[in-house]
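Working notes for the structure below.
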Amino acid sequence: MYRHIKEYEIKYTDVDAFDNLKPSAILAFMEESACLSADELGFGYADISPKNIGFILANVYIQLLRPVKLGEKLEVHTWPIAPKMLIFLRDFELFCGTEKVGVCTTRWCMIDIHSFKPLPASVYFSEEAFNNYNKERSVLFTNWKIPAITDLKFLGSKRVKLSDYDHYFHVNNTKYADYLYDTFSLDDIKGKYFSKLQITYSKQCKLGEEITFTGTQNGAEYIVEGRVDGELRVAYRAELSETL
Numbered sequence: 173m174y175r176h177i178k179e180y181e182i183k184y185t186d187v188d189a190f191d192n193l194k195p196s197a198i199l200a201f202m203e204e205s206a207c208l209s210a211d212e213l214g215f216g217y218a219d220i221s222p223k224n225i226g227f228i229l230a231n232v233y234i235q236l237l238r239p240v241k242l243g244e245k246l247e248v249h250t251w252p253i254a255p256k257m258l259i260f261l262r263d264f265e266l267f268c269g270t271e272k273v274g275v276c277t278t279r280w281c282m283i284d285i286h287s288f289k290p291l292p293a294s295v296y297f298s299e300e301a302f303n304n305y306n307k308e309r310s311v312l313f314t315n316w317k318i319p320a321i322t323d324l325k326f327l328g329s330k331r332v333k334l335s336d337y338d339h340y341f342h343v344n345n346t347k348y349a350d351y352l353y354d355t356f357s358l359d360d361i362k363g364k365y366f367s368k369l370q371i372t373y374s375k376q377c378k379l380g381e382e383i384t385f386t387g388t389q390n391g392a393e394y395i396v397e398g399r400v401d402g403e404l405r406v407a408y409r410a411e412l413s414e415t416l
């Protein structure tokens with residue numbers, strides 16, 4: 173069955189102060205591989221943008237089985253799953269050599285790039301388009317709802333800059349992982365790595381907006397929310413594990 177496979181070398185700019193692959197770098201590799209896969213399958217950016225159609229990421233779940241380190245080579249496998257209603261699923265598996273080091277699953281929406289309204293698959297795809305899609309799942313994850321924070325703790329704020337933007341004129345999904353990372357201290361992550369990361373993108377953030385972050389901790393689990401003028405824009409659930 174179909175898989176897109178691409179190898180990425182972990183460079184200095186991809187790792188944190190402790191030489192662990194940053195969550196934002198994982199998301200960047202996933203985005204690159206997803207776009208290349210879509211190109212191969214006929215619904216890439218060059219195919220759909222002339223029709224004023226785009227894809228935006230709604231949810232992502234990443235589970236790392238161990239930290240990925242500077243100098244390693246990460247092989248990203250990805251394949252789309254037949255859509256359900258307005259949700260397009262795409263799964264990933266991560267390998268260093270023959271060792272599986274991570275699994276990921278994502279949910280995307282096809283949108284009108286002017287109104288950002290979700291579009292059904294039938295707007296672009298035929299009924300037969302998904303007949304030969306890979307039905308294998310990298311991970312059976314269904315717990316997409318991130319609990320709302322009740323015990324609020326202010327963690328900081330971030331004003332959206334031009335360098336955060338992508339070609340849809342909103343903050344690129346990878347940038348939010350850096351926003352989350354910046355709510356931690358060096359002591360928080362020393363000797364640890366992000367073994368699990370879940371992000372829900374509720375609404376796009378635009379240039380000049382200030383995102384306020386609040387969070388709570390329960391053992392190794394952290395939940396963080398990003399709001400603009402009180403409106404929820406992004407929510408994270410992360411788990412830190414000890415580096416062996």
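To get our numbering, take the position in the sequence shown, counting from 1, and add 172. No residue lacks a Cβ here, since even glycine has one placed at the ideal position from N, Cα and C. As the structure is a computational prediction, the values presented were derived from the model and not from experiment.
C-beta atoms of residue i and residue j nearer than 8 Å
i	j	result
residue 235	residue 275	yes
residue 250	residue 261	no
residue 321	residue 387	yes
residue 395	residue 330	no
residue 205	residue 248	yes
residue 340	residue 229	no
residue 299	residue 332	no
residue 207	residue 214	no
residue 169	residue 405	The structure shown does not extend to residue 169, since the chain spans only 173 to 416, so no value can be given for it.
Cβ distance (whole Å) where residue i is taken to contact residue j below 8 Å
i	j	result
residue 245	residue 181	5 Å
residue 263	residue 310	4 Å
residue 224	residue 286	6 Å
Distance between residue j and residue i (C-alpha atoms, nearest Å)
i	j	result
residue 352	residue 389	13 Å
residue 349	residue 295	31 Å
residue 221	residue 346	21 Å
residue 413	residue 364	5 Å
residue 360	residue 326	16 Å
residue 252	residue 400	32 Å
residue 410	residue 192	16 Å
residue 377	residue 197	20 Å
residue 357	residue 393	15 Å
residue 314	residue 280	14 Å
residue 284	residue 218	15 Å
residue 293	residue 323	40 Å
residue 289	residue 258	11 Å
residue 407	residue 335	21 Å
residue 319	residue 209	32 Å
residue 302	residue 328	44 Å
Of the residues the options, the one placed nearest residue i, counting alpha carbons only
i	options	result
residue 254	297, 269, 410	297
residue 189	206, 242, 291	242
residue 132	339, 385, 308, 356	Outside the displayed range of the chain (173 to 416) lies residue 132, so it cannot be described from this structure.
residue 184	194, 178, 248	194
residue 269	291, 416, 200, 177	177
Checklist entry - Does the pairing of the segment 226-240 with the segment 364-376 give three or more beta-carbon distances under 8 Å? => result Output reads yes: the segment 364-376 touches the segment 226-240.
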